Amino acid sequence: MAQQLQHYLCTAGLLPTLQSSFRPLHSTETALLRVLSDILAAVDRGNFAALVLLDLSAAFDMVDNDILLQMLQTSFGIGGAARKWFQSYLTSRTQYVRRGTARSTIVQLICGVPQGSVLGPILFIMYTADLVSLIQQHCLSPHLYADDTQIYGASGLSDVGALLQKIIPDV
């Protein structure tokens, strides 16, 4: 399923171009080179550059499965039997903690994608795909790597206040 999904997303051009993880020919190097190149180019033009680094804590555990299932259909065109398969894959999951022979009670999971699975990272990318356009709507540049997000921008010295207000609104 992971190979079919990856092939579909790549051939249909549905993966965010500014996501450099869990994809063929995209790596930490592509993320670093893109962000560093953009920032150095801005500084070379005499501009001020600002970068904010975000790291989501327990990101894969926080995926809202209802939202993800809705996105599969509306944003990625995955409906019918395929969507039902994903629904069955994501829902009715349980977990428990074991230490030695002791085991906690079994808990029903209400969110998250299975970690350690081949599909988990692809589903996470799909879940966060709209983040790229949201950041760009604020005239900032995004780049994502797994659950890490870089948000950056540049401005002339006279507009530094406006740039900082966009990046850190409460400053």
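If you count the sequence shown from 1, position 38 lands on 38 in our numbering, and the numbers rise without skipping. Positions of the beta carbon are idealized from the N, C-alpha and C atoms, including for glycine. Just so it is clear, the structure is predicted and the values come from calculations on it, not from any experiment.
Span separating the alpha-carbon of residue i from that of residue j
| i | j | result |
| --- | --- | --- |
| residue 93 | residue 78 | 21 Å |
| residue 163 | residue 154 | 7 Å |
| residue 12 | residue 113 | 23 Å |
| residue 57 | residue 146 | 12 Å |
| residue 73 | residue 86 | 11 Å |
| residue 136 | residue 170 | 19 Å |
| residue 159 | residue 83 | 47 Å |
| residue 35 | residue 103 | 45 Å |
| residue 26 | residue 101 | 42 Å |
| residue 7 | residue 22 | 13 Å |
| residue 4 | residue 28 | 24 Å |
Top-ranked residue by Cα proximity to residue i, from the options
| i | options | result |
| --- | --- | --- |
| residue 157 | 169, 65, 86 and 50 | 50 |
| residue 71 | 110, 2 and 131 | 131 |
| residue 97 | 91, 168 and 105 | 105 |
| residue 20 | 148, 165, 170 and 161 | 148 |
Proximity of residue i and residue j at Cβ, strictly below 7 Å
| i | j | result |
| --- | --- | --- |
| residue 16 | residue 129 | yes |
| residue 18 | residue 143 | yes |
| residue 95 | residue 107 | yes |
| residue 2 | residue 90 | no |
Residues bridged to residue i [DSSP beta-bridge criterion]
| i | result |
| --- | --- |
| residue 152 | 51 and 141 |
| residue 102 | 99 |
| residue 19 | 144 |
| residue 94 | 108 |
Contacts around residue i, its chain only, beta-carbon distance under 6 Å, and the 5 residues preceding and following it disregarded
| i | result |
| --- | --- |
| residue 52 | 151 and 167 |
| residue 31 | 20, 143 and 145 |
Own chain partners of residue i with C-beta closer than 8 Å, once the 5 adjacent residues on each side are dropped
| i | result |
| --- | --- |
| residue 9 | 15, 76, 122 and 126 |
| residue 111 | 61, 62, 63, 64 and 65 |
| residue 140 | 151, 152, 153, 166 and 167 |
Residues near residue i by beta carbon distance below 7 Å, same chain, minus five either side
| i | result |
| --- | --- |
| residue 43 | 49 |
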